[in-house]
Every structure is written in structure tokens, then in C-alpha cells.
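In the order they appear, the protein sequences are chains A, B and C.
1 is the number of the first residue of the first sequence in our numbering; add one for each residue after it.
1001 is the number of the first residue of the second sequence in our numbering; add one for each residue after it.
2001 is the number of the first residue of the third sequence in our numbering; add one for each residue after it.
All C-beta atoms, glycine included, are put in the ideal place defined by N, C-alpha and C.
Small disclaimer: the values here were computed from a predicted structure and weren't measured.
The structure appears below as C-alpha cells.
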Amino acid sequence: MSESRDDAPPSAGEIVEALLFATDEPLTARGLAALVGDATPAVIEDVIAALNADYLRERRAFRIEPVAGGYQIVTRSAFAPWVRRLRASPPTPRLSQAALETLAIVAYKQPVSRAELEAIRGVSVDGVLRTLVERELVTIAGRGEGLGRPLLYGTTAHFLEYFGLTGLDALPRPEELEILFADREREGEA
Amino acid sequence: MSESRDDAPPSAGEIVEALLFATDEPLTARGLAALVGDATPAVIEDVIAALNADYLRERRAFRIEPVAGGYQIVTRSAFAPWVRRLRASPPTPRLSQAALETLAIVAYKQPVSRAELEAIRGVSVDGVLRTLVERELVTIAGRGEGLGRPLLYGTTAHFLEYFGLTGLDALPRPEELEILFADREREGEA
Amino acid sequence: MADIDPDIQSVKLAALDFEGPLDLLVYLVQTNEVDIYDIPIALIAEQFLEYVESMTPERLAEAGDFLLMAATLLRIKAQMLLPQPTAGDEEKIEDPRRELVLKIIEYQQFLEIAEHLREHESARRLVFPRGYRDWVEEDAAEDAAGGTREGRGEPGGRASLADLLRAFAALMRQAERDRAHRLEPLPISIEDKVRFIRRHLLGAGRTTLRELFLPAEPRAYWIVTFIALLEMAREGELRLRQGDTFGEVHVYPGKSNRR
């Protein structure tokens, strides 16, 4: 919390470090120069060289690397084994809108057959259902009575955990949902 | 490019730095300890203190902050003007006064129903609750026992992150507030 | 003790925005510097009403909450005018202001906490987490070479409960609209659509779903088209084939399509 260093204005080196740290794209020397203010691209390149020398001397775990015509702060490859472990829980892709919609219907209408899901969503749900079952958000909950005794789907315990729900009854009822998410459409993805 | 330092195995400090550098989310001391391998959470906390001391001495543009029960590496606030320029998208708007007040009540009274929130604020909280749920600061925490089993609300992990709080206990305790919470027990006598 | 020029007071008040009646009460208690446990209810009620009267018609929606509180204040004021009980009974009779005072105190505490949160929000907005995720050297190089990168998305890349609920709310609205459509008898039958699909198949030899679902049609017509397609597929009159998971669905004549 204590920001109690001396109050000297930040140096170009510090600013470049902050910018490279916080960006999600590589930055060019020219771009950095513009952001820093009174610096030329050549000065920026000197500053970066100085920063890298610092990092090496102080045994920092990262360095500034030229990539794709710009610069980027990257972790040194010596640390790749640990960083990989951080990622070992594979970054599961975000659920698609189709998956979310289907999941929402399963949650509210369970146990529900594929045909019912498709009737509500108006499109095939094959691929989406497979994804949801693979991700253990949806499971087979039995068989229906109708023709061919279709498989019925329901949500799993992992579904509750994933969305931080205490139970299925914690899902808002339609009339409660209306209050929470009423006519937001017009305003776009608010 | 040249990895030509001595070949000593990386220290816990270097690994922790690499790990914190590799994500934008807070990592817990326990999680870091597991990733590092042979380290206890207490060792991790010492390592983090040492890293922060390094950063201060070396005038690095970032530091490690405790947040949401874990640690996150962030730029120092002195660099905010430059980093902001870098971010193309405008920052998320600040919360309205109504949202903050409601959030304050949720944080202390959770799990809490809409009716309780409205009783304390003296106004409807419909729109505000929607905003807070959409911004993932508040979530559904179950249902109450009362009439109609109302939805109950609670704060999320993102709430802690948004405010940079280490945990709910980082909020001021009632006795630290200027005005003491009213002694509700006396009400029973009336 | 509160000796405030009423004119100045009302001018100032009317210009202010309050989050609600309790917010206004907290303000009045503070600016009048009165003892919260001994609120001069007549004075506060008077100033409160002045504010309510100054509320513009645009704020009618909020006015209800303020009027409710005004009524409470007036009720308390009336109760305060009732003859006081004798000294011996005093502690048994509750102060008519008690409930209101407790509410004001509680609200005031949450105002303080909100203020505390605001400070944290401000401080937090000045610091930035690490921006780039693909930080290991090899990955960065791969990325530079045009490799794909996981979308950063929301915190953790997880769908939130809000995402799920929003999806369902949107579906409900859609269903609502469809129901509204369905109320009117459709001027088109499944047979009409079967004939339409046959014409398409005969003309071109094959077609795609995209061509059969006419964008200009109401959604309800699509359902008719869909049922017609299923019907025809079951009869073996056509076959549906999809190239890849999200690809175009092709419609071919089936084995029994001889007529």
C-alpha cells in the first residue's frame, strides 16, 4: 500500500516498464515514444537495453523481447516448466452463446429431451449438448415416456459449482428473472 | 535471447515472480506453494515480501499486492496516467452512489434479500441489483425461508478484486465506524 | 439549537440530489447539527416537506418513497404532541422516534461503508494487472508468427451466473414474441411448405437450409418449414447432410423421392 518513495517524476525507463507490463499487445519503439511523451524511438531502444541489463543483473524472471516489430515483456524460458503448471488446468474455452442458451434451458426445464431443446432454440443442439456433457455441466437424467423413449438431460452438481449456485432452487424464477434482466436487450450487451 | 547466466536452479523468489507475471489473476500463497514445489505458504509470503522490497529498491514500476485472498502483481499507481493512455477501451464506469450503498449492505448482511436491502435503503433497489449482478459484483446466494422463499444475494470473488480488498474482513468492522451499529437487541423489550 | 435561515436552506436543498428519503434525513440531521437521539422532529419534518415540494415532476417515480417518509414524520410529530405519561411510566413507553432513529443510524453506517468502498475503488483504478498472458518466450514467438491466442474474455474465461441468466431471459422474451405470433392462425400450412421445399429440390437438384428459411418470413414460418423438413426426412423424401459442425446443412432428394 505504501507509495512512499521519493516523489521524483517517473523516468522514461520506469514508464516503459509499466507500459510493457500492462499491455496486451507488443508495443513498438515509436508507439512507446509517443506514450512516454518527450522521447524518441532511439531513446526508447536505449531505455529497453538498460532495463534488460537491469533484469539480468538483478536476476529477474522476465525480460523484454523484440517480437513482431515491437517489444514485449516475457517470462524467461527457464521458468516455462512452472508457468506451464499454472496453466496445467487447461484454460477451458469460454462457453459459447449457443451453449449458454442450451444450458439455461436444460437448467430450467430439466429433465428435458433433445427434441424439446431444439424446439425451443429453433436449431440443432447436437454439438452443443455434446460439449455440455463433456464439460460435465449436463448429464443424462433418464428416459422420456414418448416415442423411442428419448434420453432426457439435466444439470450436474458441477453445474451448480460452476455458477456458484447453492442449489437449483437458487435459480431465479421467470418472474424474478424479469426483474433482474428485464428489457436490457435494447441497450445491447450491457 | 542469450540465457548465459550461471546455471543455478531458479530460486523460489524467481519462480514466484515468474508465476505472478504470467497471469492477471490473484494467486493464493497456498496455490503458489504448490506450484513452486517444495515451499510452504509461509515461505511464499516471505518470498513475496522480499520481492516487494527488491522492487522498491530497484524502482520497478510494479509491486505485488494482496487481493481477494491471494497475490497479484500490478503497476504502481504513479504510472496510471501513462497506462491509461495505452488502454484503448474506456475504463469501466465507476459505480453509482446507489450501487455502492447497496453493495455495502450486501457485503455486511449477506445473504440478504431484496426486501431487506430496500428496507435499509428506503428505496427500490431493482435497477441497482441488476447492475451489480451484471457486473458480477453480486450473485445469488440462495433462497430465504420466508414467504415466497425470496432470492438472497451475496458478494462475489470479483467484488474483492474490483475493490482490491484482501477479503470481506478487510472491510471496516462496525466498531471501527464513527457511529456504532444500533443495539438491535433492545428492540425486543418494546 | 438549529437556527438556519429557512430561505437559504430550501434553496440549497432543492438543488441537491438524494439517493432516497433516508439520505435526505441523514443530511438534515447533519446540517442542522442535531442530536440523533433527540431529533427535533417538527423542524426536520418541515424541511423534509419543503424538499419534497421542490421535487420536479420528472422525479415523480422517486417521490413515492419520499412521500411515505413524510407521512411517517408527520405521524411521529403527532405522537410527540400527545400528553406525556407520568414519570413512573416513562421508560415503558417507547419514544415514537426510536424506530426511525435506528433506521437513520443504520443507513448512515452503510453510507460510511459505501464511502470506504469508493476510496478502494478509486485506488484500485490506478493500478493495472499484467496485460499480456502469453508471456513465455516460445509462446510469444508463436504468437508473433500468427498463432492463435485464447480470447481473454471475462475474469477467468468463465461464464458467470449473470451470463447464464441473461441467456435465459433473452430466450424467454423470444418465446414471448413467438407466442404472440402464434396466436394469429398462420396463413400457411405444413403442406404448403412441403410443396415449397419439393419445388426447390426439383428445380436445383439440391438446396441448403439457408435457402429454405427465408429471412423475410416471420419466425413462426420457420417452425413450419422445420416441421415440413422433418416430416419429409422421415418419409425418406429428402436427406439432410452437414459438412462440419457449424457448416451449411445441405438438403438432397431422398430415395423415395420419385413422384
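What number of angstroms, rounded off, separates the C-alpha of residue i from the C-alpha of residue j?
| i | j | result |
| --- | --- | --- |
| residue 1162 of chain B | residue 1094 of chain B | 11 Å |
| residue 1058 of chain B | residue 58 of chain A | 9 Å |
| residue 120 of chain A | residue 1141 of chain B | 28 Å |
| residue 1003 of chain B | residue 1077 of chain B | In this predicted model, residue 1003 of chain B has a pLDDT of only 48, less than 50, meaning its place in the structure is not dependable; the value taken from the coordinates is given anyway. In a straight line, the C-alpha of residue 1003 of chain B is about 32 Å away from that of residue 1077 of chain B. |
| residue 1168 of chain B | residue 2120 of chain C | 13 Å |
| residue 2128 of chain C | residue 1079 of chain B | 9 Å |
| residue 1074 of chain B | residue 1083 of chain B | 11 Å |
| residue 1133 of chain B | residue 23 of chain A | 28 Å |
| residue 56 of chain A | residue 2124 of chain C | 31 Å |
| residue 139 of chain A | residue 158 of chain A | 10 Å |
| residue 1113 of chain B | residue 2054 of chain C | 33 Å |
| residue 53 of chain A | residue 1039 of chain B | 29 Å |
| residue 176 of chain A | residue 2172 of chain C | 12 Å |
| residue 2048 of chain C | residue 2016 of chain C | 13 Å |
| residue 2066 of chain C | residue 2059 of chain C | 11 Å |
| residue 1030 of chain B | residue 1041 of chain B | 5 Å |
| residue 21 of chain A | residue 104 of chain A | 38 Å |
| residue 65 of chain A | residue 85 of chain A | 23 Å |
| residue 96 of chain A | residue 2249 of chain C | 20 Å |
| residue 9 of chain A | residue 15 of chain A | 10 Å |
| residue 2103 of chain C | residue 2070 of chain C | 15 Å |
Quick one: does residue i have its CB under 8 Å from some CB of chain C?
| i | result |
| --- | --- |
| residue 1054 of chain B | no |
| residue 1075 of chain B | yes |
| residue 1136 of chain B | yes |
| residue 1126 of chain B | no |
| residue 1090 of chain B | no |
| residue 1068 of chain B | no |
| residue 27 of chain A | no |
| residue 1050 of chain B | no |
Since residue i contacts residue j with CB under 8 Å, what's their CB separation in whole angstroms?
| i | j | result |
| --- | --- | --- |
| residue 1193 of chain B | residue 1165 of chain B | As displayed, chain B neither begins before 1001 nor continues past 1190, which places residue 1193 of chain B out of reach and without an answer. |
| residue 1101 of chain B | residue 2111 of chain C | 7 Å |
| residue 2020 of chain C | residue 1106 of chain B | With a Cβ gap of about 17 Å, residue 2020 of chain C and residue 1106 of chain B do not count as contacting. |
| residue 171 of chain A | residue 108 of chain A | 7 Å |
| residue 19 of chain A | residue 32 of chain A | 6 Å |
| residue 155 of chain A | residue 110 of chain A | 6 Å |
Taking Cβ-Cβ distances shorter than 7 Å, what residues in chain C pair up with residue i?
| i | result |
| --- | --- |
| residue 95 of chain A | 2159 |
Bridge partners of residue i, per DSSP?
| i | result |
| --- | --- |
| residue 113 of chain A | A:152 |
| residue 1072 of chain B | B:1065 |
| residue 47 of chain A | Note: residue 47 of chain A sits in no beta bridge, so no partner. |
| residue 1142 of chain B | B:1152 |
| residue 2286 of chain C | As shown, chain C starts at 2001 and ends at 2259. That puts residue 2286 of chain C outside it, with no answer to give. |
| residue 2208 of chain C | C:2250 |
| residue 1032 of chain B | According to DSSP, which records beta bridges pairwise, residue 1032 of chain B is partnered with nothing at all. |
| residue 2129 of chain C | B:1074 |
| residue 1027 of chain B | B:1071 |
Closer than 8 Å by beta-carbon distance: list the chain C residues that pair up with residue i, in chain order.
| i | result |
| --- | --- |
| residue 1072 of chain B | 2129 |
| residue 1129 of chain B | Neighbours of residue 1129 of chain B on chain C: none; closest Cβ ~11 Å, over 8 Å. |
| residue 108 of chain A | 2168 |
| residue 1115 of chain B | Within chain C, no residue comes near residue 1115 of chain B; the closest Cβ sits about 14 Å away, beyond 8 Å. |
| residue 164 of chain A | 2161 |
Can you list the residues of chain C that residue i reaches, using a CB-CB cut of under 9 Å?
| i | result |
| --- | --- |
| residue 169 of chain A | Near residue 169 of chain A there are no residues of chain C at all, since even the closest Cβ is about 14 Å away, more than 9 Å. |
Output yes if chain B places a C-beta closer than 8 Å to the C-beta of residue i; else output no.
| i | result |
| --- | --- |
| residue 58 of chain A | yes |
| residue 157 of chain A | no |
| residue 172 of chain A | yes |
| residue 2111 of chain C | yes |
| residue 215 of chain A | Residue coverage of chain A in this structure runs from 1 to 190, which leaves residue 215 of chain A outside it and unanswerable. |
| residue 1993 of chain C | Because chain C is modelled from 2001 through 2259, residue 1993 of chain C falls outside the range shown and cannot be assessed. |
| residue 2015 of chain C | no |
| residue 2065 of chain C | yes |
| residue 2058 of chain C | no |
| residue 2116 of chain C | yes |
| residue 2027 of chain C | no |
Starting from residue i, find everything on chain B with Cβ-Cβ shorter than 8 Å and list it in chain order.
| i | result |
| --- | --- |
| residue 18 of chain A | 1061, 1062, 1075, 1076, 1079, 1082, 1083 |
| residue 45 of chain A | Within 8 Å Cβ-Cβ: nothing; residue 45 of chain A doesn't reach chain B, min ~15 Å. |
Let me see if you follow: with CB-CB separation under 8 Å, is residue i close to chain A or not?
| i | result |
| --- | --- |
| residue 1035 of chain B | yes |
| residue 2163 of chain C | yes |
| residue 2081 of chain C | no |
| residue 1010 of chain B | yes |
So does residue i have its beta carbon nearer than 7 Å to some heavy atom of the ligand COA?
| i | result |
| --- | --- |
| residue 26 of chain A | This structure simply doesn't include the ligand COA, nor any ligand for that matter. |
Give me the chain A residues within the contact set of residue i, using Cβ-Cβ distance strictly less than 8 Å, ordered along the chain.
| i | result |
| --- | --- |
| residue 2171 of chain C | 101, 104, 105, 120, 121 |
So with CB distances below 7 Å, who are the chain A contacts of residue i?
| i | result |
| --- | --- |
| residue 1133 of chain B | 180 |
Using a C-beta to C-beta distance shorter than 7 Å, which residues of chain B count as neighbours of residue i?
| i | result |
| --- | --- |
| residue 2055 of chain C | Within chain B, no residue comes near residue 2055 of chain C; the closest Cβ sits about 14 Å away, beyond 7 Å. |
| residue 175 of chain A | By Cβ distance, chain B contributes nothing, its closest Cβ being about 10 Å from residue 175 of chain A, past 7 Å. |
Can you pull the chain A neighbours of residue i, defined as C-beta to C-beta under 9 Å?
| i | result |
| --- | --- |
| residue 1139 of chain B | 163, 164, 165 |
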